[in-house]
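Taking it in order: structure first as structure tokens, then the write-up.
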Amino acid sequence: MAQRYVMAIDQGTTSTRCILFDQSARLVSVVQREHRQYHPRPGWVEQDAVEIWRNVDRILPQTLRDGGVGADQVVALGITNQRETAVVWDRNTGVPVGRAIVWEDIRTEELVGELTARPDSAGIRDRCGLPLATYFSAPKLKWLLDNTPGLRERAARGELLFGTIDTWLIWNLTGGVSGGLHVTDVTNASRTMLMNITTQAWDDELLSFFDIPASMLPEIRASTEIHGKTTRVVPGITIAAALGDQHAALFGQTCFAKGETKCTYGTGSFLLMNTGDTLVKSEHGLLTTIGYQLGGEPATYALEGSIAVTGSLVQWFRDKLGLIQSAPEIETLARTVTDNGGCYIVPAFSGLFAPHWHSEARGIIVGLTSYISKGHLARAVLEATAWQTREVVDAMAAELGVSSKALKVDGGMTADHLLMQTIADVLDVPVLRPMVAETVSLGAAYAAGLAVGYWPDLEGLRRNWHLAARWTPQWNADDRDAEYANWKRAVELTFGWAKPRRPRGR
Amino acid sequence: MPGPIQSIERAAAMLRLLARGSGQYGLAEIAASLGLPKGTAHGILRTLQRVEFVEQDQESGRYRLGAALLHLGTSYLDANELRSRSLNWADALAARSGQEVRIGVHHDGAVLVVHHVFRPDDTMQTLGVGAMLPLHATAFGKVLLAYDASLSRDRELTSLTRRTIVSPQALERVLTQVRASGWASEAEECMPGEASIAAPIRAFGGLVVGAIGVSGAVDRICDPASRPKPSLVSQVASAAEAVSRALTD
Ligand SMILES: Nc1ncnc2c1ncn2[C@@H]1O[C@H](COP(=O)(O)OP(=O)(O)OP(=O)(O)O)[C@@H](O)[C@H]1O
Ligand SMILES: [Mg+2]
């Protein structure tokens, strides 16, 4: 019998990847395509959902061609995606009503302020597990409905569909206007602020708090579930899983047991810990989220420390400052000096996420003297990722009263050895990279493969996890503590920077 | 002898034009200056852009000389970028071969290890990134020597084991073989009990920018007759091709 494979689509913030894996979890082919980021105003981040769909349409067949694999050899497709990013489209034409509002976008800052001030906002966090913040989908969706003329009326007439990117892709892959499925998975739904984290159903009180019509919302399904077959792009492939990228990475790192943790370093970075069947309500600025849900089983919970800006700081350094030509050159530049020279960069571009949740914070470069060179700035860029990791790792430890003995990492930034060493140094624990850096895709593939029986069980998947690299801490405690104290002071300087805009006409 | 190649002459003229004056030209201006149809000019510009000799301004769409031209003398591909862009395929090679994988580039008369993936058996291993290996006694080094004549000229061939190739003529014969087969190997020429297999990573136009390969105990890498295992050779060669493709898409 011909070899069989599992396919994953990883629809990320900056690019979309399609990857084929074999039964030993080895990568067979990969095709990647970037899409445009729109920044129409300070703090606004938009993407064109149609461009993303077109990219999927191109890379999926090319991945099959590159791997010399026929569609009939693909036993299942798993979809994973940037989370929270909100798309609204017309169910009859398939055309989005505007550009997607991306998770990093902070246009809803004032709206969130107003919502927080409402007396009925008190119970929100308990219901959905999330603090009121610009990050999540519901404020974005509400903003769209409130600010796009005619949209509420169209929504009321049932003409519009809402979705995160998983929903948008599945709807399109399964037929679009001709019978496309309008579904999402429980992990993606857990990021909207509209799902009740305990019952894992859309919550009427949350819907009415944000004033969102239920008719727009997709059906919530398990993460591994046979949704149906593709009818477009390459017809006949079984869509067998969907889950948010960070949840997929947790799965790909085989963090199946309570207490197992990973951190994924991409555009932003996200530390997730499996908390099993326990719904932990954080007191230390972490999010309660769904880790994953296998079809027919109860959901597995997770705690999350979300860092908004890590890889995107490197991209800013490249694109906006022009100090490097490519992201990996940040390491080359940083190695031209031996330390940060006293300089710190706190990239509060979207406010600060975990564990601070200061949406009014804005980025800062501090400690400048005439001594500082671009090499020091490059170091400060990488150290910003390391210290932000330390903050969420500390929050996790405070939450659970135990600290972990090592950190499992994945994502594009793990190619940066100086960064990985610095993370080991600031955490004072070894940093471990598994053999598949594309862990997000691997997790989606695992979920899909499990759903169709390509892989029998979770334990079998664990045996595919192999250590590819290991960085051990080298700093002494005094240096570490002194640097951490400096970092914390720098973070405090970012708080309270953005003032509410003054009303127009004054 | 073949005559001059027109498109190279035109490309050279474009670079000279872009080096002049304001250094920013639109497509129509370039085509008009050189008396070329727009389509022809565009094709050449696109190719120059691909090899990074020309850049196009995102907003205005105008062309200018690329930063790569200014750094022609220094290393063309940043070592950290090479690692980033080969990450997926180096991992896949380690997973497939069951061996540890390295990527090496030439630096200062030696092989600089810029990437290292552990052998996937979860034994205790240490990252070897940053290590320097001898050019003439490792498969990685032989690949780099084979595709850059300037490196092997007047090189002193230090003996490291009793199998190290120390005669320039013998090394030249081996390098000829490497060029013919597209891969290199070595058994106990660098360290007793150790062997390696490597193949070239190529950028645009076939330029060799590094070597990727596997290494380890002789009995893992070679058959009982001390010849590299054919299955490993083909895995290394396809990984090298995959990385080269990733660098040139
Ligand atoms: N060697 C490197 N050093 C530092 N940063 C790097 C390096 N290589 C890539 N990056 C950064 O990592 C990010 C790319 O990683 P990855 O491909 O995992 O992200 P992504 O999947 O695009 O993120 P997302 O899923 O959020 O879109 C980019 O932001 C880039 O700036
Ligand atoms: Mg990603």
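Just so you know, the sequences run in chain order X and Y.
Those letters in the first sequence? Residues 1 to 506, by this note's numbering.
Those letters in the second sequence? Residues 507 to 755, by this note's numbering.
Note that CB positions come from ideal geometry on N, CA and C, so glycine has one too.
- Annotation: the segment 143–172 of chain X contains the following complete segments of the beta strand (DSSP E) (minimum length 3 residues), in chain order: 160–163.
- Not one heavy atom of ligand 1 lies closer than 6 Å to the C-beta of residue 305/X.
- By the rule that beta-carbons nearer than 7 Å mark a contact, residue 598/Y touches chain X.
- Listed along the chain, the chain Y residues whose CB falls inside 9 Å of the CB of residue 27/X are 594, 595, 597, 598 and 601.
- Not one heavy atom of ligand 1 sits closer than 6 Å to the Cβ of residue 32/X.
- Note on residue 114/X: under 16 other CB atoms within 10 angstroms of its CB, so exposed under the neighbour-count rule.
- Interface criterion met: the Cβ of residue 589/Y is under 7 Å from a Cβ in chain X.
- DSSP links residue 271/X through a beta bridge to 263/X and 305/X.
- Remark: C-beta atoms of residue 698/Y and residue 670/Y do not approach each other more closely than 7 Å.
- Put simply, the CB of residue 331/X is near chain Y, with a gap under 7 Å to one of its CB atoms.
- Residue selection by CB proximity (closer than 6 Å to any heavy atom of ligand 2) returns 10/X, 12/X, 245/X, 266/X and 440/X in chain order.
- Taken in chain order, the members of the segment 624–643 of chain Y whose beta-carbon sits within less than 7 Å of a beta-carbon on chain X are 624, 626, 628, 633 and 635.
- Within the segment 553–578 of chain Y, those residues whose Cβ lies closer than 7 Å to any Cβ of chain X are, in chain order, 573.
- The shortest CA-to-CA distance from residue 254/X to any of 154/X, 353/X and 433/X is the one to 433/X.
- In the DSSP assignment, residue 569/Y is bridged to 531/Y and 562/Y.
- Residue 61/X does not reach chain Y, its nearest Cβ partner there being about 16 Å away, counting only Cβ pairs nearer than 7 Å.
- Taking 7 Å as the CB threshold, residue 729/Y stays off the interface with chain X.
- If you look at residue 61/X, you'll find it in the alpha helix (DSSP H) that goes 49–67.
- Taking non-hydrogen atoms of ligand 1 into account, the C-beta of residue 165/X is found less than 6 Å away from none of them.
- Residue 609/Y has 621/Y and 718/Y as its beta-bridge partners, per DSSP.
- Around the beta carbon of residue 294/X, 16 or more other beta carbons sit within 10 angstroms, so the residue counts as buried.
- Scanning its chain for C-beta atoms nearer than 8 Å, with the 5 sequence neighbours on each side dropped, one finds around residue 519/Y the residues 540, in chain order.
- Excluding residues up to 5 positions away in sequence, 190, 197, 279, 281, 287, 288 and 289 lie with their Cβ nearer than 8 Å to the Cβ of residue 129/X in the same chain.
- Within the segment 424–449 of chain X, the residues whose Cβ lies closer than 8 Å to any Cβ of chain Y are, in chain order, 435, 436, 437 and 438.
- Residue pairing by DSSP places residue 351/X opposite 349/X in a beta bridge.
- Per DSSP, residue 243/X is one residue of the beta strand (DSSP E) stretching across 238–244.
- Proximity of the beta carbon of residue 386/X to ligand 1 is not indicated: no heavy atom of the ligand is located closer than 6 Å.
- Straight through space, the alpha carbons of residue 747/Y and residue 193/X are spaced by roughly 46 Å.
- A direct Cα-to-Cα measurement between residue 644/Y and residue 619/Y gives close to 12 Å.
- Inter-residue distance for residue 605/Y and residue 543/Y is about 53 Å (C-alpha atoms, whole angstroms).
- Within chain Y, 584, 585, 586, 587, 588, 589, 590 and 591 have C-beta atoms less than 9 Å from the C-beta of residue 328/X, given in sequence order.
- Relative to ligand 1, the beta carbon of residue 253/X is positioned no closer than 6 Å to any heavy atom.
- Excluding its 5 nearest sequence neighbours in each direction, residue 244/X has C-beta neighbours in its own chain below 6 Å: 83, 187 and 188, listed in chain order.
- Linking residue 724/Y to residue 533/Y through their CA atoms gives a straight-line distance of about 57 Å.
- What residue 227/X touches in chain Y, judged by beta-carbon distance under 8 Å, is nothing: the nearest beta carbon there is about 27 Å away.
- Going by beta carbons, residue 269/X and residue 212/X fall outside the 7 Å limit.
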